[in-house]
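Numbering (full-length UniProt numbering), first residue to last: 1 to 564.
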């Protein structure tokens with residue numbers, strides 16, 4: 001194949017050289033036939049480069065993930081998926097329904113439009129030689145033209161198929177002030193009334209920002225609080241793990257208009273309109289990481305202590321004139337809010353009690369627009385609990401991304417298990433339906449810097465079959481959380497036969513790296529130990545039954561697509 005590429009390239013050089021000899025002085029001019037021939041030749045070159053396979057390197061590291069790989073356009077320019085710009089180049093990307101795209105990095109802003117050559121770099125209007133395009137429903141941008149504007153260099157080695165992106169210098173700090181409201185990245189403020197549903201309002205408000213500004217959806221709190229599988233009433237409260245479990249098991253989200261809040265009714269048969277792919281749990285009190293998440297990914301759900309219950313409440317910790325809150329006591333958390341921005345210079349003198357320094361997060365509450373600044377308020381960086389637990393719902397996909405979910409952990413991450421070691425193996429066994437291929441798996445990382453290897457056993461007979469496993473994916477995640485891993489190549493499953501998914505996980509600084517579902521208390525009364533077949537192992541050789549030996553289910557899901 002490379003020989004063919006070289007031959008075509010030599011032909012191209014020869015043709016261009018011929019045109020050059022015909023026009024020895026001045027610019028190169030081609031008639032319509034020559035122009036058409038050049039376009040056809042460029043298209044052939046691009047086709048050959050893409051068939052040969054391209055390789056991507058960012059800041060000196062190989063990026064093998066297929067979802068991030070670029071392609072060469074017919075005009076021989078490099079087209080990079082917008083997801084790679086967002087996830088790998090450290091940019092904030094806002095996509096709008098009209099095709100507009102805003103890319104931000106450091107102090108630079110790039111504005112482009114899918115299907116248009118019109119663009120602006122830091123407010124300077126420019127015309128792109130190659131337009132951003134959608135290819136198989138995936139948006140690609142001409143990275144060669146915008147790389148310099150976001151402080152990157154872009155090089156392409158035609159002989160090796162290597163595309164290299166390298167950032168220029170060090171990243172600059174985040175802005176001193178940022179407010180998602182000004183970027184059109186928040187949905188409307190809502191009112192929880194006298195129910196203990198702040199956790200669901202916060203989870204769904206944060207989830208909604210992940211889709212903004214491209215999609216402005218309002219999700220049903222009633223559905224989340226009444227159909228999550230946990231033994232709680234709306235007045236009893238909840239927490240983020242319940243939200244993740246509800247979303248990860250495809251119970252939701254559903255739209256507010258289909259299951260409205262406060263009518264004492266719910267519809268448990270509604271299907272999720274989106275699928276949660278990923279939720280990151282940021283380490284305790286890592287304020288800079290929280291800011292970066294807000295800036296690049298979406299609103300961050302967090303919890304505080306509040307002695308107020310609604311907009312009419314008073315508190316010694318709340319300054320009504322400045323819509324500011326600072327608690328420095330020892331009471332535990334009891335209220336969830338969403339961080340949507342920050343102000344490093346927000347005066348400490350704006351609080352009833354004076355924190356040691358300036359600075360505050362801008363938070364969205366669920367007490368209606370009569371509270372604070374149209375429903376928003378400032379919480380000091382030095383509040384006792386702000387950012388102790390921080391959750392950002394980083395990836396949502398359309399509800400048709402997979403056809404079927406296999407799972408035994410509808411209550412999600414209830415506890416942890418392990419072998420007094422930072423690494424462990426865990427597996428779940430499922431029975432395939434008809435005409436299915438395994439497309440992805442999902443699991444929890446119980447701590448930061450977790451590395452994983454995903455294996456598949458397509459013909460499972462008994463636990464001895466787990467030794468005959470095939471490696472299909474590997475990687476590392478930065479934070480604890482819930483993660484979906486797409487297989488680089490889907491695995492065909494035999495109709496009606498058992499298959500197993502296996503994960504080898506390593507989580508530094510922990511002895512119990514496996515997330516499990518078990519009957520912990522009255523909240524988990526619906527736990528069903530009969531719906532799964534799970535296995536646990538330290539080194540992947542000697543296996544224990546999760547259900548029989550440990551009385552639990554393994555948190556490990558499998559997703560399939562139907563094939564013709």
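Even for Gly, the Cβ is constructed at its ideal location relative to N, Cα and C.
* Asked: CB-CB under 7 Å to residue 167, same chain, minus the five flanking residues each way: which ones, in chain order?
  -> 59, 151 and 152
* Given that a residue counts as buried once 16 or more other Cβ atoms are within 10 Å of its Cβ, and exposed if not, what is residue 297? -> buried
* Grab me the residues of residue 31's own chain with a C-beta within less than 6 Å of its C-beta, minus the 5 sequence neighbours each way, in chain order. => At residue 31, the pLDDT of 47 sits below 50, so the modelled position is not reliable; the number obtained from the coordinates is stated separately. Excluding sequence neighbours, residue 31 sits near nothing in its chain.
* **CA-to-CA distance, residue 529 to residue 551, given in whole angstroms** => 7 Å
* Along the beta strand (DSSP E) that carries residue 222, what are the first and last residues, could you check? => Where residue 222 is concerned, there is no enclosing beta strand (DSSP E), although the alpha helix (DSSP H) it sits in stretches over 221-226.
* Option in 483, 321, 280 and 440 with minimal Cα separation from residue 500 -> 440
* Asked: Does the distance from the C-beta atom of residue 352 to that of residue 324 stay below 9 Å?
  -> yes
* By how many angstroms is the C-alpha of residue 455 removed from the C-alpha of residue 225? -> 35 Å
* Asked: With distances taken between CB atoms, is the gap from residue 541 to residue 442 smaller than 9 Å?
  -> no
* residue 363 lies in the beta strand (DSSP E); which residues open and close that run? -> 360-364
* Touch test, the segment 515-533 against the segment 408-416, Cβ-Cβ under 8 Å, three pairs minimum -> yes
* **Own chain, CB closer than 7 Å to residue 419, minus 5 neighbours either side, in chain order** => 538
* Asked: By a C-beta neighbour count over all protein chains shown, 10 Å radius and 16 as the cutoff for buried, is residue 159 buried or exposed?
  -> exposed
* Asked: Is it buried or exposed for residue 105, if we count other Cβ within 10 angstroms and need 16 for buried?
  -> buried
* Rounded straight-line distance, which links the Cα of residue 263 to that of residue 128 -> 52 Å
* Going along the chain, which residues of its own chain have a beta-carbon closer than 8 Å to the beta-carbon of residue 596, five neighbours each way excluded? -> Since the displayed the chain opens at 1 and closes at 564, residue 596 lies outside it and no answer follows.
* Mind checking residue 330: buried by the 16 CB within 10 Å criterion, or exposed? -> exposed
* **Same chain, Cβ closer than 7 Å to residue 316, neighbours up to 5 away in sequence not counted** => 352
* To do: Return the chain-ordered list of same chain residues with a C-beta closer than 6 Å to the C-beta of residue 212, the five sequence neighbours on each side being excluded.
  => 185
* Proximity below 9 Å, CB of residue 399 to CB of residue 274 -> yes
* In this structure, what does DSSP give as the bridge partners for residue 255? -> 219
* Short check: CB of residue 247 to CB of residue 276, under 9 Å? -> yes
* Name the DSSP beta bridge partners of residue 79, please? -> 71 and 142
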